[in-house]
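One structure is given below, encoded as structure tokens.
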Amino acid sequence: MNYYHSRILKGRDFSAVRSEVEAALKEEGFGILTEIDFKATMKKKLGKDYLPHVILGACNPSYADKVVSIEPHISTMLPCNVTIREMENGEIEVAAMDPAAVMKVVENDKIIQHAVEVNELLKNVLKAL
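For the sequence shown, position 67 (counting from the first letter as 1) is numbered 67 according to UniProt numbering, and the numbering increases by one without interruption.
Rendered as structure tokens:
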């Protein structure tokens with residue numbers, strides 16, 4: 001089973017794609033709670049060079065409230081990560097975790113149903129790019 005969905009964008013600027021991702025997330029009811037600049041972190045911590053690569057922690061508050069109300073420890077698996085990375089060929093990949101795949105370990109049908117719904121929202125984000 002695949003644990004993420006992705007879309008490859010050709011001939012696009014990294015910062016412009018990032019703005020589009022943020023707008024598409026907002027359109028689907030997500031906010032960005034965290035941001036990790038993977039490129040800068042790896043340079044600082046390991047001295048390694050990476051192409052631009054960010055990890056956004058996206059949260060849909062309505063769904064987060066629903067699942068935490070069912071299972072408080074589910075917060076250890078939140079938020080949903082969305083990554084934007086430049087590849088060697090200059091293309092930009094945007095990837096989003098598949099919460100339906102990840103939440104199966106919880107073995108709670110209500111949570112899995114909510115995760116399936118969130119998964120559709122994240123796929124809509126990718127389609128909008």
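The C-beta atom is built at its ideal place from N, Cα and C for all residues, glycine as well.
Using only alpha-carbon positions, find the residue among the options that is nearest to residue i.
i           : options                      : result
proline 79  : Lys26, Pro99, Ala95          : Pro99
lysine 86   : Val116, Tyr3, Gly47, Ile55   : Note that residue 86 corresponds to glutamate in the displayed sequence, not to lysine. Of the listed residues, the one whose Cα sits closest to glutamate 86 is Ile55.
valine 105  : Thr83, Thr76, Ile32          : Thr76
tyrosine 3  : Met103, Asn108, Lys44, Leu46 : Met103
arginine 12 : Glu107, Asn89, Thr34         : Asn89
If you reduce the DSSP assignment to three classes, tell me which class residue i lands in.
i             : result
methionine 42 : helix
leucine 9     : strand
tyrosine 4    : strand
glutamate 20  : helix
glutamate 35  : strand
leucine 129   : coil
glutamate 28  : coil
For residue i, collect the residues of the same chain with a Cβ closer than 7 Å to its Cβ; drop the 5 residues on either side in sequence, then sort them by chain order.
i              : result
valine 118     : Asn60, Tyr63, Cys80, Pro99
asparagine 108 : Ile70, Glu71
serine 19      : none
Whose C-beta lies closer than 8 Å to the C-beta of residue i among residues of the same chain, with five residues either side of it excluded?
i          : result
serine 6   : Glu93, Val94, Ala95, Ala96, Leu126
valine 17  : Leu9, Ile84, Ile92, Val94, Leu129
leucine 25 : Gly31, Ile32, Leu56, Ala58, Val82, Val125
valine 21  : Leu56, Val82, Ile84, Val94, Val125, Leu129
Should residue i be counted as a contact of the ligand MN given a C-beta to heavy atom distance under 7 Å?
i         : result
valine 68 : As far as ligands go, the structure on display features none, and thus does not contain the ligand MN.
Give me, in chain order, the residues of the same chain whose beta-carbon lies closer than 6 Å to that of residue i; leave out the 5 immediate sequence neighbours on both sides.
i            : result
valine 116   : Ala100
glutamate 28 : Leu121, Asn124, Val125
lysine 66    : His114
query = Using 8 Å as the threshold, is the segment 33-53 in touch with the segment 111-119, meaning 3 or more CB pairs across them?
reply = no
message = Could you tell me which whole beta strand (DSSP E) segments of length 3 or greater appear in the segment 39-121?
response = 53-59, 80-86, 92-97
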